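*Asks:*
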Amino acid sequence: MSKINWKVRFNAKNKAFIARVFVAVLVPIFVYYGLEVKDLTSWDAVFNLVVKAISNPFVIGTAVVNFINILPDPTTAGFSDSDRALGYEEPHGENTEKQTETDKGE
1 MSKINWKVRF
11 NAKNKAFIAR
21 VFVAVLVPIF
31 VYYGLEVKDL
41 TSWDAVFNLV
51 VKAISNPFVI
61 GTAVVNFINI
71 LPDPTTAGFS
81 DSDRALGYEE
91 PHGENTEKQT
101 ETDKGE
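Going by full-length UniProt numbering, the first residue of the sequence shown is number 1, and it counts up by one from there.
1) From which residue to which residue does the alpha helix (DSSP H) around I70 run?
2) Roughly how many angstroms separate the alpha carbons of A12 and D44, rounded to a whole number?
3) Hey, is the region 82 to 93 in contact with the region 7 to 23, meaning 3+ C-beta pairs nearer than 8 angstroms?
4) For F79, name the three-state secondary structure that DSSP assigns.
5) Between the Cα of V51 and those of Y33, N66 and D73, spot the shortest distance and give me the residue it belongs to.
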C-alpha cells in the first residue's frame, strides 16, 4: 500500500474518490442495521448508529474490506498505482492543465 498516491486520492479535487470512500464505509453499516438515509433524522440517531457500528467487529470488518476494495487502480496490475499515477500532483482528468508527454501523444 506504500505505492499508492494518497495525496491525490484524498485531494479535495478528487470528489469522486472521497464520495466512494464514504459510500464504501456507510453502505455496510446501513445494510447491517437495515437503515435508510431517511432514518437518520437527528444527530442523536447518527451518534447512536456510529457507537453501535464501532462496537461491532463484523460491521467494522465489512466496512474495512469495502474500503480496501475501492483502493486498487483497475488499470494497473497488482495493488499499487502505476508509475504515471504516482507522479501526479493532483487528480488527472479532462480539465487538467498539466499534461505529461504521454498524455499529449508525444
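Quick reminder that beta carbons are idealized off the backbone N, C-alpha and C, glycines included.
None of the values given here were measured: they were computed from a predicted structure.
*Replies:* Taking the definition as stated:
1) Taken as a continuous stretch (DSSP letters only), I70 belongs to no alpha helix (DSSP H), as it is neither H nor E.
2) 28 angstroms
3) yes
4) coil
5) Y33
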